[in-house]
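2 protein chains.
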Amino acid sequence: MATIADVARHAGVAPSTVSYALSGKRPISESARRRIDDSIRTLGYRPHAGARALASSKSNVVALMLPLRDDMHVPTLLQFATGVVTAARGHDHDVLLLTHDEGGDGISRVATGSMADALVVMDVEREDARIPVLRTLDRPCVLIGVAGDAGELTSVDLDFVAAGELAVDHLAELGHRHVGLVGQPPSVYSRRTGFADRFIEGFTAASQRHGARVAVRPCEFTYAGVATAVEALLAELPELTALVVHNEHAAPMLLETLSSMGRKVPDDISIVSMCTDDVAERMRVPLTSIAIPAAEIGSRAVDMVMNKLHGREAPGLTLLPPRLARRDSTAAPTGR
Amino acid sequence: MATIADVARHAGVAPSTVSYALSGKRPISESARRRIDDSIRTLGYRPHAGARALASSKSNVVALMLPLRDDMHVPTLLQFATGVVTAARGHDHDVLLLTHDEGGDGISRVATGSMADALVVMDVEREDARIPVLRTLDRPCVLIGVAGDAGELTSVDLDFVAAGELAVDHLAELGHRHVGLVGQPPSVYSRRTGFADRFIEGFTAASQRHGARVAVRPCEFTYAGVATAVEALLAELPELTALVVHNEHAAPMLLETLSSMGRKVPDDISIVSMCTDDVAERMRVPLTSIAIPAAEIGSRAVDMVMNKLHGREAPGLTLLPPRLARRDSTAAPTGR
DNA sequence: TGCCACTGTCGAAGCGCTTCGATACAGCCA
DNA sequence: TGGCTGTATCGAAGCGCTTCGACAGTGGCA
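Keeping their order, the protein sequence lines are chains W and E. At position 305 of the first sequence (counting the first as 1) the number is 305 in full-length UniProt numbering, and the numbers step up by one without a gap. At position 288 of the second sequence (counting the first as 1) the number is 288 in full-length UniProt numbering, and the numbers step up by one without a gap.
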């Protein structure tokens, strides 16, 4: 394996010159640069990451802590990850993968051991044990999600409050006055993962503003769970004409359940779903939906953490605005 | 940040002694060990990963190359990843995440730059451009999947041929003689990803053995795609009484499609599905299924790559035997 | 008592890179 | 011609660790 000294010898310059040619931190003559480039290519030289990290105290790695829980929607999760990896590579960084269950220990191992220059932490909860750890660290980090006590820590997320409002606004505009919310599984709420609560918050606020009557039910993603939730909502709101679904797994089951109950979508019941566009489009009835821009959130998180790494300021909390895509699952309620 | 020299000073020993205490490569007296441990704890010492990598030429990192394609079943993918990360941590290694689209370049960047000691590469295709690169590398690697020209490279995968056979064996045993296969999307076959072809191979071989008549159709995971596939299969095999589904996304759609055609499962049509157990159990009719033991494959891959890293031999190709879980979607065909 | 083997520890070299300060040289102006 | 500025390059130190060889001390055996 060639070293920088080999390259220097081959090109007839000092090792430091090669280093400067590589980093661009000092001017290099045209001729030297050419010889160095040639030598690098013919020797197949690649700098040793460890040596570089040692000398420069920069690892060019960002750590990504991913939850691997089965009550999360996995494809969305992977979109976050893709956004993070792609953006990181764009900043010439690699990504070290940590899982949620390593917790604060994993974070400090990677940070204190100088394996990573920066951290992106997903799926933060309202009261998250990792946040104190993050705060003691000297390394920049960005949270995906909104923690209650994030304080000065930088966070990015979809504006779930606005998403909840947007769903109701759309339905109210069409004339709906009785709207149910099919939520996430109970475990998600009891973990106090911020996004689920925030969605309900926006949903409720907008309903009040529009004078609509609403009901909310968590929902497991099994047929039985969906049926239970729908029955409970109908019992509470007999005149229900619209549903908002914040549960990617449950959406197809819901459609099937309603159809087996003889309720047509959108004629009898309108549906707005929180889900990615491709899921919405593949449904039996293509769903009007609000997507979580997961890849964008991931790449934004990396951009911000890079800003901090370079000493630039980053905002405390960034909430991306939701966008609603109209499809075939929403219509004005049929007069009765 | 404390260094090994700080620890040594604090404990009243030489830095090398601390190093040996940490690595266990030379005997250390009980008293020295205790003082060193104390010093490490009070100083919050953590070895610098880069320095360690430089001195020992070991990074304690394995690179994982993950495909992020949307025609793959993402939850399964993440199970592989989970298996890999968990096993790697068990071997005191971290995981560097690479995406498929970095290709051979990504592999050689990470390997030549000494960022990773070993590689796990997923989703290998019959003729994979990364394989020649892998072969020139001095680092151990393990493939997940079966490549045509893997040669002496180590590979792990589910035995998809056996899985195809197992599905047919089960149906034949029940008395089915006309069986259709609902396959992966066409793009998967045209990429020549081994697993899909191998499944068909086993399916076909077992059918011949049992004297069953069969038909095979690729299938997009849209309702239209599923309907098309089912119609084509029925046209080719009017007496069809059973379906094998090798397509996790399509399974629920298939169930719905059959029910809307008035065909009952399992009374009119039996179904065997390749999918994870939790997906199978959540279906309207719980599916008899063969699961891909993704997490186990992932952790096996890591175990093998670690063996190679320590100079132990690893087998060329490991195929895990499939297991079929009987649920409610298969029964003997009703006599006509 | 002398020798040997073993255990526990130390010091120093070296891993491959970055970076600081020094230096050589060219070109310019006075 | 002397002195100055600026550009391009070099040499050496040092980043924090591992590892090799050396060596002091201890105990056992002849």
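Using N, Cα and C, we set each Cβ at its ideal position, and we do this for glycine too.
By the CB criterion at 9 Å, L181(E) and L324(E) fall outside the cutoff. For T42(W), the number of other beta carbons within 10 angstroms of its own is below 16, and it is reported as exposed. Counted as a single uninterrupted DSSP element, the beta strand (DSSP E) harbouring S289(E) occupies residues T288 to I290. V161(W) is positioned such that its CB atom lies no closer than 9 Å to that of L153(W). Taking a beta-carbon distance threshold of 9 Å, M1(W) counts as an interface residue toward chain E.
Counted as a single uninterrupted DSSP element, the beta strand (DSSP E) harbouring T99(W) occupies residues D94 to T99. Contact annotation: in the stretch 114 to 132 of chain W, residues whose CB is within less than 7 Å of a CB in chain E are S114 and M115. For the stretch 79 to 99 of chain W, the residues whose beta carbon sits under 7 Å from a beta carbon of chain E are, in order, T82, V85, D94, V95, L96, L97 and T99. Using a Cβ-Cβ distance cut-off of 8 Å, the stretch 178 to 196 of chain E and the stretch 240 to 252 of chain E are in contact, since at least three pairs of beta carbons, one from each stretch, lie closer than that value. Taking C-alpha positions only, G103(W) is separated from A51(W) by approximately 29 Å. With its beta carbon at least 9 Å from every one in chain E, T318(W) lies outside the interface. Contact with chain E is found for H48(W), since one of that chain's Cβ atoms lies less than 9 Å from the residue's Cβ. Restricting attention to E173(E), S155(E), V124(E) and V214(E), the CA atom closest to the CA of V188(E) is found in V124(E). Looking only at L134(E), D128(E) and G113(E), the smallest Cα-Cα distance to L119(E) is reached by L134(E). Excluding five sequence positions before and after P286(W), the CB atoms of its chain that fall closer than 8 Å to its own CB belong to A280, R327, D328 and S329, given in chain order.
Taking 9 Å as the cut-off, the Cβ atoms of R198(E) and G164(E) count as close. DSSP places S270(E) in the uninterrupted beta strand (DSSP E) bounded by S270 to M274. Residue-level contact by beta carbon holds for P252(E) and chain W, with a gap shorter than 9 Å. With 16 or more other Cβ atoms from the protein chains shown falling within 10 Å of its own Cβ, H246(W) counts as buried. Within the stretch 283 to 296 of chain E, the residues whose Cβ lies closer than 9 Å to some Cβ of chain W are M283 and R284, listed in chain order. Residues of the UniProt domain "HTH lacI-type" (2 to 56) of chain W with a C-beta atom less than 8 Å from some C-beta of chain E are G44, R46, P47, H48, A49, G50, A51, R52, A53 and L54, listed in chain order. Taking 8 Å as the Cβ-Cβ cut-off, the stretch 196 to 229 of chain W approaches chain E at F221, T222 and Y223, given in chain order.
Under the 10 Å beta carbon count, R139(E) is surrounded by 16 or more other beta carbons and is classified as buried. At least 9 Å separates the beta-carbon of T276(W) from that of R300(W). Under the Cβ criterion of 9 Å, V182(E) is not counted among the residues facing chain W.
Within the stretch 8 to 84 of chain E, the alpha helix (DSSP H) runs of at least 4 residues that lie entirely inside it are, in chain order, 15 to 23, 30 to 43 and 49 to 56. DSSP, read as helix, strand or coil, puts T86(E) in helix.
Secondary structure within the stretch 154 to 210 of chain E: the alpha helix (DSSP H) runs of 4 or more consecutive residues, fully enclosed, are 160 to 174, 186 to 190 and 194 to 210 (chain order). Contact of R191(W) with chain E is not assigned, every C-beta pair being separated by 9 Å or more. For V110(W), the closest Cβ of chain E is nearer than 9 Å.
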